[in-house]
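Those letters in the sequence shown? Residues 49 to 177, by the numbering used here.
Don't be surprised by glycine CBs; every beta carbon is placed ideally from N, CA and C.
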Amino acid sequence: MDVVGSYPGDNRLHTNVAWWENPGNGAGNRARHHVGAILYRDADWFAIGELNGDGRSDIIVTEEISVRPYRPAHLFWFQQPTNPKSPGWIRHTVMEGYTLKSLDVVDMDKDGDLDVVTCEQRGTRKLMI
């Protein structure tokens with residue numbers, strides 16, 4: 049995977065997640081592949097990591113919620129299907145928080161698998177692993 053991000057679509061602002069394929073020809077004509085959607089708006093932080101042991105790169109996304117009334121921000125991971133160009137990515141909800149900032153995927157406990165690390169910038173200001 050070359051690039052991951054959110055893009056306007058479905059008449060909603062920044063709720064869609066996609067990855068862009070680099071054809072490797074230097075022309076800059078990347079093909080966009082739709083992955084899925086977050087719940088509210090403003091997909092904020094992105095990471096790529098192999099989370100479930102299937103050998104395929106998964107996409108991890110946080111939401112930034114700054115609207116009222118309060119809605120929880122979510123941390124999602126999108127499970128890559130056998131063909132990453134297909135629309136069959138499965139969205140999993142990991143957690144919700146006041147507003148999630150920062151995101152990393154690293155083996156924190158040295159057990160051989162990746163852990164997802166994020167934190168809140170407001171509210172209780174928790175660090176979550």
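Just to check my reading of the structure: residue i and residue j have Cβ atoms closer than 8 Å, yes? What is that Cβ distance to the nearest angstrom?
{"i": "T166", "j": "L99", "result": "Actually they do not touch by this definition, with Cβ atoms about 14 Å apart."}
{"i": "G145", "j": "P120", "result": "6 Å"}
Taking the CB atoms as reference points, tell me whether residue i and residue j lie closer together than 9 Å.
{"i": "G97", "j": "L162", "result": "yes"}
{"i": "N70", "j": "R78", "result": "yes"}
{"i": "V164", "j": "I107", "result": "no"}
{"i": "L87", "j": "E112", "result": "no"}
{"i": "P132", "j": "S105", "result": "yes"}
{"i": "S150", "j": "W93", "result": "yes"}
{"i": "Y95", "j": "D152", "result": "The residue asked about is misnamed: residue 95 is Ala in this sequence, not Tyr. Cβ atoms of A95 and D152: closer than 9 Å."}
Can you say whether residue i is buried or exposed, counting buried as having 16 or more other CB atoms within 10 angstroms of its CB?
{"i": "T63", "result": "buried"}
{"i": "A75", "result": "exposed"}
{"i": "G101", "result": "exposed"}
Touch test, the stretch 154-165 against the stretch 126-139, Cβ-Cβ under 8 Å, three pairs minimum: Result no; under three Cβ-Cβ pairs closer than 8 Å.
* To do: Starting from the N-terminal side, write out each stretch of the beta strand (DSSP E) that is 3 residues or longer and does not extend beyond the stretch 76-103.
  => Listed in chain order, the complete beta strand (DSSP E) runs (minimum 3 residues) inside the stretch 76-103 are 79-85 and 91-97.
Report task. Counting only runs of 3+ residues fully inside the stretch 124-154, write out the beta strand (DSSP E) ranges in chain order. Result -> Taken in chain order, the complete beta strand (DSSP E) segments of 3 residues or longer contained in the stretch 124-154 are 138-145 and 148-154.
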